[in-house]
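Participant: Under my numbering, read the sequence shown as residues 1 to 75, first letter to last. A virtual CB, placed ideally from N, CA and C, is assigned to each residue, including glycine.
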Amino acid sequence: MGIMNRGVIYALWDYEADGDDELTLKEGDCMTVLHREDDNETEWWWARLQDKEGYVPRNLLGLYPRIKPRQRSLA
């Protein structure tokens with residue numbers, strides 16, 4: 001994920017950082033993956049969000065922003 005589009009990915013859900021080496025994400029945030037999984041860490045990627053870098057949980061990331069269904073009027 002993120003290889004074809006120069007590492008650009010999007011947060012699909014909000015995430016509150018647990019540690020100083022993690023990034024807090026808001027749904028729709030656009031970031032760049034700098035380092036993917038290695039032998040020690042497979043569930044977290046190192047990314048840049050604006051001027052900050054840190055770990056992000058890869059299961060909350062996607063190639064495109066999450067699209068919410070439109071509300072239909074029942075009237």
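1. Name the one or two DSSP bridge partners that A17 has.
2. Can you tell which of D14, R72, R66 and M31 has the C-alpha that lies nearest to the C-alpha of G54?
3. Under DSSP, the beta strand (DSSP E) around G54 begins and ends at which residues?
4. If I follow the unbroken beta strand (DSSP E) through Y64, where does it start and stop?
5. As a quick exercise: from L60, V56 and D51, pick the residue whose alpha carbon is nearest that of V35.
Facilitator: Let me spell this out:
1. Sequence index remark: in the sequence shown, residue 17 carries index 17 (1-based). Answer is none; A17 lacks a bridge partner.
2. Numbered from its first residue, the sequence shown carries residue 54 at position 54. Residue M31 is the option with its Cα nearest to G54.
3. As a first step, residue 54 is located in the sequence shown; it is residue number 54 there, counting from the start. K52 to P57 is the extent of the beta strand (DSSP E) around G54.
4. The sequence position of residue 64 within the sequence shown is 64, counting from 1. Run containing Y64: none; DSSP gives neither H nor E here.
5. On the sequence shown, residue 35 is found 35 positions in, with the first residue counted as 1. It is His, not Val, that sits at residue 35 in the sequence shown. Taking only the C-alpha atoms, the option nearest H35 is V56.
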